[in-house]
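Okay, so here's the structure we're looking at.
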Amino acid sequence: MRDFVIDNALIWLRDYHVDGLRLDAVGAILDSSERHILTELADRVHELGRELGRSLSLIGEQPFIDPPLLALGLDAQWEDDVHHSLHVHFTAERQGYYAPYTGSPEELAGLLLAPRELGVLYERVLTYSQTHDQVGNRAQGERLCHLASPQQCRSAAALTLLSPYVPMLFMSEEWAASTPFQFFSDHRDPTIARLATEGRVREFAGFGWRREEVSDPQDPATYRRSKLNWSELDAPPHRAMLAHYRSLLAQRRSLQGQPYQVGWTDQPAAITFSRGRRHWSCPLDS
1 MRDFVIDNAL IWLRDYHVDG LRLDAVGAIL DSSERHILTE LADRVHELGR
51 ELGRSLSLIG EQPFIDPPLL ALGLDAQWED DVHHSLHVHF TAERQGYYAP
101 YTGSPEELAG LLLAPRELGV LYERVLTYSQ THDQVGNRAQ GERLCHLASP
151 QQCRSAAALT LLSPYVPMLF MSEEWAASTP FQFFSDHRDP TIARLATEGR
201 VREFAGFGWR REEVSDPQDP ATYRRSKLNW SELDAPPHRA MLAHYRSLLA
251 QRRSLQGQPY QVGWTDQPAA ITFSRGRRHW SCPLDS
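So the sequence shown is numbered by the UniProt record's numbering: it starts at 1 and just counts up by one.
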C-alpha cells in the first residue's frame with residue numbers, strides 16, 4: 001500500500017510533468033511505523049527531482065503552522081490563521097472554525113509574524129486571503145469581494161503579497177470576479193448524489209445557514225453559476241483590481257531578503273508594516 005501511494009505521486013511528477021503536489025489534510029495521515037510515510041514520500045520525490053534535474057515540491061495542507069510536520073521533510077505547508085483572522089475582521093462571522101479568532105489588528109499582526117516566533121522559515125509557509133476551500137465551503141460560494149469592501153480586498157492582497165510568506169492566489173481573485181465559486185459535483189450514482197447534497201446541508205448547519213440557502217452540488221445550475229465571466233477583465237472595477245495585484249507582485253519581486261516588521265493601530269484599524277526602507281499602511285475598516 002505504501003508503494004501504491006508513493007508511486008501514484010511519482011507518476012504525476014515524472015510522467016505528467018507536474019511541478020509539485022499539495023497533500024490534503026496531512027494532519028489526518030496517521031502513521032506509527034518507524035519511518036512516516038510522508039518522510040518516505042518526501043525522500044522519493046526529492047530523489048526524483050535530482051534525477052530529472054528539476055525542483056519538485058511537496059506542500060501539506062494544515063490549518064496551523066506545524067514545525068513537526070515540516071520536519072518530516074515536506075517543502076512547505078499551508079496555514080489558515082491569517083485568512084481566518086482577516087475574515088473575522090471583515091465579516092464579523094464567528095461561527096464554526098472562526099470562533100477562536102477575534103479579528104483584531106493585534107491578533108492579525110501577531111499571525112503575520114508567527115513563522116518567525118516559531119522558528120520556521122517564511123519560505124516554507126503559504127498564506128492567502130482566499131482559497132477554493134474558504135470560498136467553496138460557503139453556502140453560496142461568496143468570494144471575499146462579495147463580503148468585504150474594495151479597500152479591504154486591496155489591503156488583504158497587500159498583506160499577503162508583500163509579506164515574506166509564500167503567497168497563494170485563488171483563481172480570479174486578482175480581478176475580483178463577480179461570479180461565486182460554489183461546490184459542484186456530478187455523481188451518477190443516485191445514492192452518492194443524495195449523500196453529497198445532504199452532506200453539504202449538515203456541514204453548514206454549524207455556520208447557521210439554512211437548508212434553502214445551501215446550493216445543491218448536484219444541480220447543474222450550481223456549476224453554471226460558478227463559471228467565470230472573462231469579459232470582466234476589461235471592465236471596471238475588475239480592471240483596477242487586476243492592476244493593483246500586478247503592482248503588488250512587481251513590488252514583491254524587489255523585496256527579497258528585506259527585513260520584515262509589523263505593527264498595528266486600533267483606531268483606525270490598520271496593519272502597518274515595512275520591508276527594509278519601504279513602509280505600508282493597510283486600512284482594515286474602510
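Where a beta carbon is used, it is the ideal one built from N, C-alpha and C, also for glycine.
- Under the 10 Å beta carbon count, residue 151 is surrounded by fewer than 16 other beta carbons and is classified as exposed.
- Cβ-Cβ separation between residue 180 and residue 260: approximately 34 Å, too far for a contact (criterion under 8 Å).
- In terms of CA proximity to residue 234, 176 leads the group 201, 249, 57, 176.
- Per DSSP, residue 124 is not a residue of any beta strand (DSSP E), being assigned neither H nor E.
- Per the Cβ contact rule, the segment 183-191 is not in contact with the segment 267-274 (fewer than 3 Cβ pairs under 8 Å).
- Residues of the same chain with a CB within less than 8 Å of the CB of residue 167, apart from the 5 flanking positions on each side, are 126, 127, 128, 160, 161, 252 in chain order.
- Annotation: the continuous beta strand (DSSP E) that includes residue 264 extends over 260-266.
- Annotation: residue 247 to residue 192 spans about 46 Å, alpha carbon to alpha carbon.
- Rounded to whole angstroms, the separation of the alpha carbons of residue 188 and residue 108 is 44 Å.
- With respect to the 9 Å criterion, residue 56 and residue 26 are not classified as neighbours on the basis of their beta carbons.
- Annotation: the segment 66-133 contains the following complete segments of the beta strand (DSSP E) (minimum length 3 residues), in chain order: 76-78, 125-127.
- Residue pairing by DSSP places residue 190 in no beta bridge whatsoever.
- When secondary structure is reduced to three states using DSSP, residue 184 falls in the coil class, being assigned neither helix nor strand.
- A residue is called buried when at least 16 other Cβ atoms come within 10 angstroms of its Cβ; residue 131 meets this threshold and is buried.
- Bounds of any beta strand (DSSP E) do not take in residue 284, whose DSSP letter is neither H nor E.
- Going by beta carbons, residue 157 and residue 245 fall inside the 9 Å limit.
- The beta carbon of residue 211 sits closer than 7 Å to those of 201, all from its chain and outside the five residues before and after it, given in chain order.
- DSSP, reduced to helix, strand and coil, places residue 273 within a strand of the structure shown.
- Proximity of the segment 36-43 to the segment 82-101 falls short of the contact definition, fewer than three beta-carbon pairs being nearer than 8 Å.
- Bounds of the beta strand (DSSP E) holding residue 57 are 57-60.
- DSSP, reduced to helix, strand and coil, places residue 166 within a strand of the structure shown.
- The Cβ neighbour count for residue 96, taken over all protein chains shown within 10 Å, is under 16; the residue is labelled exposed.
- Partner residues in the beta bridge of residue 23, as assigned by DSSP, are 60.
- Of the candidates 144, 118, 59, 144 places its Cα closest to the Cα of residue 241.
- If you look at residue 42, you'll find it in the alpha helix (DSSP H) that goes 37-52.
- With 16 or more neighbouring CB atoms inside 10 Å of its own CB, residue 115 falls in the buried class.
- Runs of the beta strand (DSSP E) lying entirely within the segment 139-166 and spanning at least 3 residues: none are present.
- Residue environment analysis places residue 213 among the exposed positions, since fewer than 16 neighbouring C-beta atoms fall within 10 angstroms of its C-beta.
- Looking at the backbone, the Cα of residue 62 and that of residue 93 are separated by about 22 Å.
- Cβ contact annotation for residue 72 (same chain, cutoff 7 Å, sequence separation greater than five): 36, 38, 39, 42, in chain order.
- Between residue 124 and residue 80, the gap from beta carbon to beta carbon reaches 9 Å or more.
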